[in-house]
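Chemist:
Residue numbers (this note's numbering): 457 to 659.
#1: In three-state terms, what does DSSP make of residue 618?
#2: Cα separation between residue 595 and residue 525?
#3: For residue 576 and residue 490, what's the separation of their Cα atoms in angstroms?
#4: Just reading off the alpha helix (DSSP H) that residue 554 is part of, what are its end residues?
#5: Could you please give the first and the last residue of the uninterrupted beta strand (DSSP E) stretch that includes residue 594?
#6: Can you find the residues in the same chain that come closer than 7 Å, C-beta to C-beta, to residue 513, ignoring five residues on each side of it along the sequence?
#7: Tell me the DSSP secondary structure of residue 577 in three-state form.
#8: Could you give the distance in angstroms between the alpha-carbon of residue 655 and the alpha-carbon of residue 531?
#9: Looking only at its chain, what residues have a beta carbon closer than 6 Å to the beta carbon of residue 574, apart from the 5 residues adjacent to it on each side?
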């Protein structure tokens, strides 16, 4: 798996980041299945198909994401120990940049979806933590990808995504490693410049 800012299987990450809205009941797997189904309905809807509807398709999926993911928490974890060194203004800016990075890296690639089949193959719960494992089979060759969704029990009956691991590679750890390398070799300012450049290139 290439280790760069745009690593991974785009559709899987879109699905991973659209879990856990409020007001759900049931197991972590039940909630995961419900939200994944919401995304697939958008991708399968004829009203959103075709290049002319690309923007509307992205907006629809982005709306699901915005109701689901704690980008602040994910951004903080991705920046790791460097988060504590940032001012409040820098933290707010980084959360915005990280959100746009995810948008450009993954939502822009949802056209890659081509009827992938999703099988739920396991769930493990330990207190307020859960792992739900799925298998994604992609046509036409039938390639299989294993995805572990790491979730944390939040208020009420909610389970919220904490990380997604694709064939053993963690989304958060991948970004954290790359961010740390840039900062260590250069500076935090250089990291911000690189992220801005990636975002601008994909507009």
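Don't be surprised by glycine CBs; every beta carbon is placed ideally from N, CA and C. For clarity, every value in this text was computed on a predicted model and none was experimentally measured.
Modeler: Inspection of the coordinates gives the following:
#1: Taking the chain shown and counting its residues from 1, the one referred to as residue 618 is at position 162. Here residue 618 sits in strand by DSSP.
#2: Residue 595 sits at position 139 when you count from the first residue of the chain shown. Residue 525 sits at position 69 when you count from the first residue of the chain shown. One C-alpha to the other measures close to 28 Å.
#3: Here the question's residue 576 lines up with position 120 in the chain shown. Here the question's residue 490 lines up with position 34 in the chain shown. Each residue's Cα considered, the two are about 12 Å apart.
#4: One-based indexing of the chain shown puts residue 554 at position 98. Here the alpha helix (DSSP H) through residue 554 covers 544 to 562.
#5: Here residue 594 refers to the residue found at position 138 of the chain shown. Taken as a continuous stretch (DSSP letters only), the beta strand (DSSP E) holding residue 594 covers 585 to 594.
#6: As a position in the chain shown, residue 513 is number 57, starting the count at 1. Taken in chain order, the residues that qualify are 498, 504, 566.
#7: Taking the first residue of the chain shown as 1, we reach residue 577 at position 121. Reduced to three states, the DSSP call for residue 577 is strand.
#8: Numbered from 1 along the chain shown, position 199 holds the residue referred to as residue 655. Numbered from 1 along the chain shown, position 75 holds the residue referred to as residue 531. Between residue 655 and residue 531, the C-alpha separation is close to 16 Å.
#9: Along the chain shown, one-based indexing puts residue 574 at 118. Contacts found: 590, 592.
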